[in-house]
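Q:
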Amino acid sequence: MTDLAFVVQKHAARRLHYDFRLELDGVLKSWALARGPSLVAGERRLAVPVEDHRLDYAGFEGVIPAGSYGAGAVLVWDRGSWKPDGDAVASLAAGSLRFYLHGEKLTGAGRLVRMKAKREEHRTTWLLIKGLDAAARPRGTSDILVEQPLSVISTRAIEEVSAADDGLRSRE
Ligand code: MN
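Under my numbering, the final residue of the sequence shown carries the number 368; numbering is consecutive throughout.
(1) What do you reckon, is the C-beta of H249 under 7 Å from a heavy atom of the ligand MN?
(2) Can you say whether L328 is buried or exposed, counting buried as having 16 or more other CB atoms within 10 angstroms of its CB?
(3) Please identify the residue among A284, G336, V246 whose C-alpha is closest to the C-alpha of W227.
(4) Look up T303 in the DSSP assignment and give the residues it is bridged to.
(5) Identify whether S226 lies in helix, strand or coil by the three-state DSSP scheme.
(6) Hey, out of V204, G222, K312, R241, whose CA is closest to G255's CA?
(7) Is D274 close to the ligand MN? I mean its beta-carbon at under 7 Å from any heavy atom of the ligand.
(8) Can you tell me whether R250 is helix, strand or coil according to DSSP?
(9) Taking DSSP's pairing of strands, which residues face A209 in a bridge?
(10) So, helix, strand or coil for A219, using DSSP?
(11) Near M311, what residues of its chain come up, given a Cβ to Cβ distance below 8 Å and the 5 sequence neighbours on each side ignored?
(12) Rounded to a whole number of angstroms, what is the C-alpha to C-alpha distance between S234 and H298?
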């Protein structure tokens, strides 16, 4: 099986969040993480499913223009390959996907677990949970989001991505 791509994009939309995307069947399955991923084993991060994205979106870094859905700066916070533990399609359908990441910031075991939807909720939410392994950090140690906030492809901060776009506009 060839390597599947994964990407985490930091997205300064109306609210800053991180989009966690896993390549599967020719698309990027995507979840929005309001608090971002964690390397602390067992720490649960809410993951709201969002629409599938095209594979080539994994390399997107720039600014989504004002007036468009998700307007704001996007940077590639992490990228690499991932491997499902078992059949990914069946696992997603069953609401529990265990996987291994090989990224520049996120590595090792993790899982996505679908929560039971409450009757009043319109959308299903998932939890992204780091597994206990050599890459896991103990609770209370430094937060990977704070420690390594920059783009892995351009080493820019989200403010620089945003400002670069403003620069382009002002030269138009
Ligand atoms: Mn987003």
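Yeah, the Cβ is synthetic: ideal placement off N, Cα and C, and Gly gets one too.
Keep in mind the model is a prediction, meaning the values are calculated, not measured.
A: The structure says:
(1) no
(2) exposed
(3) V246
(4) H298
(5) It is a strand residue.
(6) V204
(7) no
(8) strand
(9) Answer by DSSP bridge pairing: none, since A209 is not bridged.
(10) Note on residue identity: the sequence assigns Glu, not Ala, to residue 219. E219: strand per DSSP, three-state reduction.
(11) If we look at M311 and ignore the five residues flanking it on each side, its Cβ neighbours are T320, T321, W322, L323.
(12) Their backbone Cα atoms lie some 15 Å apart in a straight line.
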